[in-house]
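Beneath this line is the structure, given in structure tokens, with notes to follow.
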Amino acid sequence: MHVPGPVLPALNSQALLKGQTALVTGASSGIGRAIALALGAAGADVIVNYVASPADAEAVAEAIRSGGRRAMTVQADVANEEQVLAMFASAVREFGTVDILVSNAGRECNAPFHEMSVADWDAVINVNLRGAFLCARSAVREFLRRGARPGISVAAGKIIFTSSVHEIIPWAGHVNYAASKGGLMLLMKSLAQEVSDKRIRVNSIAPGAIRTPINTAAWSTPEAYADLMKLVPYKRIGEPDEVGRAAAWLASDFADYIVGATLVIDGGMTLYPGFESGG
Ligand code: NAD
0 MHVPGPVLPA LNSQALLKGQ TALVTGASSG IGRAIALALG AAGADVIVNY
50 VASPADAEAV AEAIRSGGRR AMTVQADVAN EEQVLAMFAS AVREFGTVDI
100 LVSNAGRECN APFHEMSVAD WDAVINVNLR GAFLCARSAV REFLRRGARP
150 GISVAAGKII FTSSVHEIIP WAGHVNYAAS KGGLMLLMKS LAQEVSDKRI
200 RVNSIAPGAI RTPINTAAWS TPEAYADLMK LVPYKRIGEP DEVGRAAAWL
250 ASDFADYIVG ATLVIDGGMT LYPGFESGG
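For the record, in the sequence shown the residue sitting at position 60 is 59 according to numbering that gives the first Met the number 0, with numbers rising by one throughout.
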């Protein structure tokens, strides 16, 4: 069967995602907030998921509305099946459908392995992995129900997981987190393999060190920042906007042939920086 490539709009950022609706989890802060704003700036209407900060989520939605797009906030714990089902139901009820899921909610509960509690383990796996599964399952169900929307996007739906360089780099003291992101890598690839023939595109972004609340301790003092830079060949921390812009592009038809890939956004952190001086 011959499937033609996309007829692309001009590279006008407002047209990138025109007519599409995106749901972003964990969108009241950090990378999720930046992704929600970038998708809105690229022309999408946005559902801003949050778990605990309604005012912050509303501020994100208001910023998107002030740019001319529609936005609503939805509270849901991504690890809770009923709440995820209800979130997608209200998104479809209010906005008609969902074209793009950015499964971004994540957390860390760090501990030396021998001291790691079951609660620490479950907290991270439940949000980072079970939450990704539940949100992606609802998105795939909606994409299959609705099918393609010619003229809106050549794909029938797009899923982007926020993974991490720790789907590649082991992380002592953070075994639960690295296990969740390593698991997310094969969740993403296996799902991409399973649904690509339905024209559903599944990919991940893998940030390195980005300036957000999740890792304040790693960049907020000069000493911590200098230490962090030993791990970053590009010698600066990343900003949330840089991840937002990459996600907007990856969700667009400009990236239509990118399937089952992880887009690493890390200033070179995965380049074995210990070998910078010859090893
Ligand atoms: P953040 O703490 O600002 O964002 C995490 C968001 O997830 C928060 O808004 C939080 O409320 C939300 N969240 C947590 N549990 C939730 C739940 N049960 N249901 C719904 N939302 C929930 O930190 P961030 O850096 O913006 O993290 C976003 C994503 O980026 C995470 O998946 C994280 O693992 C990943 N990441 C961050 C970095 C970095 O350097 N900041 C690097 C690699 C990956």
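Note that the Cβ used here is the ideal one computed from N, Cα and C, for glycine as well.
Quiz item: Regarding residue 212 and the ligand NAD, is the C-beta to nearest heavy atom distance less than 8 Å?
Solution: Along the sequence shown, read from residue 1 onward, the residue named residue 212 stands at position 213. Correct: residue 212 has its Cβ closer than 8 Å to the ligand NAD.
Quiz item: residue 49 by DSSP, collapsed to three states: which one?
Solution: As a working note, residue 49 is residue 50 in the sequence shown. Correct three-state label for residue 49: strand.
Practice problem: Reducing DSSP to helix, strand and coil, say where residue 206 ends up. | Solution: Along the sequence shown, read from residue 1 onward, the residue named residue 206 stands at position 207. Strand at residue 206.
Practice problem: Assuming residue 5 contacts residue 240 (C-beta within less than 8 Å), just tell me the rounded distance between them. | Solution: For the purposes of this step, residue 5 is taken as residue 6 along the sequence shown, with counting starting at 1. For the purposes of this step, residue 240 is taken as residue 241 along the sequence shown, with counting starting at 1. No, residue 5 and residue 240 are not in contact; Cβ-Cβ is about 26 Å, not under 8 Å.
Quiz prompt | Span of the alpha helix (DSSP H) around residue 126 | solution = As a working mapping, residue 126 is identified with position 127 in the sequence shown. No alpha helix (DSSP H) contains residue 126, which DSSP labels as neither H nor E.
Quiz item: Bridge partners of residue 160, per DSSP?
Solution: Along the sequence shown, one-based indexing puts residue 160 at 161. 102 and 203, per the DSSP bridge assignment.
Practice problem: Just the C-alpha distance for residue 67 and residue 171, rounded to the nearest angstrom, thanks. | Solution: Your numbering for residue 67 matches position 68 in the sequence shown. Your numbering for residue 171 matches position 172 in the sequence shown. Taking the straight line from one Cα to the other gives about 45 Å.
Quiz item: Based on Cα-Cα distance, which residue from 95, 194, 271 and 166 lies nearest to residue 154?
Solution: As a working mapping, residue 154 is identified with position 155 in the sequence shown. Residue 154 has its Cα closest to that of 194, out of 95, 194, 271 and 166.
Quiz item: Apart from the five residues on each side of it in sequence, which residues of its chain come closer than 6 Å, Cβ to Cβ, to residue 130?
Solution: As a first step, residue 130 is located in the sequence shown; it is residue number 131 there, counting from the start. The answer, listed in chain order, is 77, 78 and 104.
Quiz item: Would residue 180 be called buried (16 or more neighbouring beta carbons within 10 Å of its own) or exposed?
Solution: Residue mapping note: residue 180 aligns to position 181 of the sequence shown, counting from 1. Looking at its Cβ environment, which holds 16 or more other Cβ atoms inside 10 Å, residue 180 is buried.
Practice problem: Taking only the alpha-carbon atoms, compute the straight-line gap between residue 21 and residue 89 and give it to the nearest angstrom. | Solution: Numbered from its first residue, the sequence shown carries residue 21 at position 22. Numbered from its first residue, the sequence shown carries residue 89 at position 90. If I take the Cα positions, the gap works out to 13 Å.
Self-check item: Span of the alpha helix (DSSP H), counted from its first residue to its last, around residue 34
Solution: For this step, residue 34 is matched to residue 35 along the sequence shown. DSSP places residue 34 inside the alpha helix (DSSP H), whose first and last residues are 29-40.
Practice problem: Would you check if there are 3 or more beta carbon pairs closer than 8 Å linking the stretch 47-60 to the stretch 11-19? | Solution: No, they do not touch.
Quiz item: Just to confirm, does residue 233 get its C-beta within under 8 Å of one of the non-hydrogen atoms of the ligand NAD?
Solution: Residue numbering aside, residue 233 sits at position 234 when the sequence shown is read from its first letter. Set against 8 Å, the gap from the CB of residue 233 to the closest heavy atom of the ligand NAD is not smaller.
Quiz item: To the nearest whole angstrom, what separates the beta carbons of residue 141 and residue 123, a pair I think is in contact under 8 Å?
Solution: Counted from its first residue, the sequence shown places residue 141 at position 142. Counted from its first residue, the sequence shown places residue 123 at position 124. Incorrect: roughly 27 Å between the Cβ atoms, too far for contact.
Quiz item: Closest to residue 220 by CA distance: which of 205, 207 and 236 is it?
Solution: The residue given as residue 220 occupies position 221 in the sequence shown. If we check each option's Cα against that of residue 220, 236 comes out closest.
Quiz item: If we count Cβ pairs, one from each stretch, closer than 8 Å, do we get three or more for the stretch 204-212 versus the stretch 160-168?
Solution: Contact holds: three or more Cβ-Cβ distances are below 8 Å.
Self-check item: Residue closest to residue 85, alpha-carbon to alpha-carbon, out of 128, 133, 127 and 57
Solution: Counting from one through the sequence shown, the residue named residue 85 turns up at place 86. Of 128, 133, 127 and 57, the residue nearest in Cα terms is 133.
Quiz item: Is it the case that the Cβ atoms of residue 101 and residue 39 are separated by a distance below 9 Å?
Solution: On the sequence shown, residue 101 is found 102 positions in, with the first residue counted as 1. On the sequence shown, residue 39 is found 40 positions in, with the first residue counted as 1. Their beta carbons are not under 9 Å apart, which means residue 101 does not touch residue 39 by this criterion.
Practice problem: Just the C-alpha distance for residue 97 and residue 138, rounded to the nearest angstrom, thanks. | Solution: Here the question's residue 97 lines up with position 98 in the sequence shown. Here the question's residue 138 lines up with position 139 in the sequence shown. Their Cα atoms are separated by approximately 7 Å.
Exercise. On a CA-only basis, which of 199, 196, 158 and 198 is nearest residue 321? Give me that one, please.
Key: Residue 321 is absent from the model: the chain starts at 0 and stops at 278.
Quiz item: Around the Cβ of residue 215, are there at least 16 other Cβ atoms within 10 angstroms (buried) or fewer (exposed)?
Solution: Residue numbering aside, residue 215 sits at position 216 when the sequence shown is read from its first letter. With fewer than 16 other beta carbons inside 10 angstroms of its own, residue 215 counts as exposed.
Quiz prompt | residue 11, buried or exposed, once every other Cβ within 10 Å from all chains shown has been counted against 16 | solution = Taking the sequence shown and counting its residues from 1, one reaches residue 11 at position 12. When all chains shown are included, residue 11 counts as exposed.
Quiz item: In its own chain, which residues sit with a C-beta less than 6 Å from the C-beta of residue 41, not counting the 5 before and 5 after it?
Solution: In the sequence shown, residue 41 corresponds to position 42, counting from 1. Taken in chain order, the residues that qualify are 12, 15, 16 and 247.
Exercise. Identify every run of the alpha helix (DSSP H) within the stretch 195-278, keeping only runs that are complete inside it and at least 4 residues long; order them along the chain.
Key: Within the stretch 195-278, the complete alpha helix (DSSP H) segments of 4 residues or longer fall at 221-228 and 239-250, listed in chain order.
Exercise. Grab the span of the beta strand (DSSP E) containing residue 74 for me, first residue to last.
Key: As a first step, residue 74 is located in the sequence shown; it is residue number 75 there, counting from the start. Taken as a continuous stretch (DSSP letters only), the beta strand (DSSP E) holding residue 74 covers 70-74.
Quiz item: With respect to the beta strand (DSSP E) encompassing residue 22, which residues constitute its N-terminal and C-terminal limits?
Solution: The residue given as residue 22 occupies position 23 in the sequence shown. The continuous beta strand (DSSP E) containing residue 22 extends over residues 20-23.
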